Amino acid sequence: MSHSEHGWCGVPPTKVPKPSVMLGVFGVDGIVAAQRKLKKVSG
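Residue 57 is where the sequence shown starts when you use this note's numbering, and the numbers rise one by one after that.
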């Protein structure tokens with residue numbers, strides 16, 4: 057954990073929030089899509 061976090065020290069803090077937000081949005085969309093697919097299969 058400490059090694060990976062130390063590697064991110066070289067990345068400017070201004071570029072970090074945008075990708076994290078995008079990943080969060082895509083993550084939520086992916087979960088919703090997965091739930092819909094599971095509901096369709098079970099239904």
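Heads up, the beta-carbon is just placed ideally off N, CA and C, and yes, glycines get one too. Everything numeric in this text was worked out from a predicted model, so none of it was measured.
If you draw a straight line from the alpha carbon of Gly122 to that of Gly86, how long is it in whole angstroms? Residue 122 lies beyond the residue range present for the chain, which begins at 57 and ends at 99; the question has no answer from this structure.
Do you know how far the Cα of Val97 is from the Cα of Phe82? Translated into the one-based positions of the sequence shown, residue 82 becomes position 26. Translated into the one-based positions of the sequence shown, residue 97 becomes position 41. Approximately 22 Å, taken between the alpha carbons.
Length of the line joining the Cα atoms of Pro75 and Leu94: Position 19 of the sequence shown holds residue 75. Position 38 of the sequence shown holds residue 94. Using only the alpha carbons, I get a separation of about 28 Å.
Using the beta-carbon count (16 or more within 10 Å), is His62 buried or exposed? One-based indexing of the sequence shown puts residue 62 at position 6. Bear in mind that a pLDDT of 48 at His62, under 50, signals an unreliable position, so the model cannot answer this.
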